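Numbering (our numbering), first residue to last: 4 to 169.
In structure tokens:
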């Protein structure tokens, strides 16, 4: 098991895993497979340029990317103390193996090194009890629910907002 911050060189593997997640766990993402499947590789490369404003952590098993978590720092000057976790996905075959836990721990640890960052937030589909319980093991707390926050064309999903003080 290896954890590291992804770079542009990982774009092809990242794209493949993200598209798989958008297909197999569509309700966990705000985006869709249809929106992202035709994006050029360059678009994924740009997402993987690490900085103090954003980075993506990847978890690898036998040199294969199987888990990711993205960090995005708030843009506004008065909100620079906050960052969000998003795009969290682990291939089903690797769930329960500890790799997702290691990826989130690595992401939180790296976020803690960023000057002025005091809080992490994330959004999770309210009915995804397993994911909420997972995030709670790191100390994330729910602070609100947005009803009908996401609509996939068939069903509305409520979303819970969670935070972690660093």
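The beta-carbon is built from N, C-alpha and C at its ideal position, and this holds for glycine as well. Small disclaimer: the values here were computed from a predicted structure and weren't measured.
Across the structure, residue 82 and residue 64 are spaced so that their CA atoms are roughly 36 Å apart. In this structure, the alpha-carbon of residue 129 lies about 13 Å from that of residue 138. Fewer than three beta-carbon pairs drawn from the segment 153-169 and the segment 51-59 are found closer than 8 Å, and the two stretches are therefore not classed as touching. Going by beta carbons, residue 169 and residue 135 fall outside the 7 Å limit. When DSSP assignments are scanned along the segment 104-153, the uninterrupted stretches of beta strand (DSSP E) that are 3 or more residues long and fall wholly within it turn out to be 122-128. Under the DSSP assignment, residue 76 falls in the beta strand (DSSP E) whose first and last residues are 67-76. Cβ-Cβ separation between residue 51 and residue 9: approximately 5 Å, consistent with a contact (criterion under 8 Å). Within the model, the alpha-carbon separation for residue 119 versus residue 88 is close to 17 Å. Around the beta carbon of residue 101, fewer than 16 other beta carbons lie within 10 angstroms, which makes this residue exposed.
Contact fails between the segment 106-120 and the segment 18-38, because fewer than three Cβ pairs, one in each stretch, are under 8 Å apart.
Cβ neighbours of residue 93 within its own chain (closer than 6 Å, five residues either side excluded): 70, 103.
Residue 7 sits in a strand when the DSSP states are folded into three classes. Secondary structure at residue 83: coil, using DSSP grouped into helix, strand and coil.
Around residue 97, the same chain offers 64, 69, 70 as residues with beta carbons nearer than 7 Å, after the five sequence neighbours per side are excluded.
Rounded to whole angstroms, the gap between the alpha carbons of residue 90 and residue 34 is 10 Å. Contact annotation, residue 110 with residue 85: C-beta distance approximately 15 Å; criterion of less than 8 Å not satisfied.
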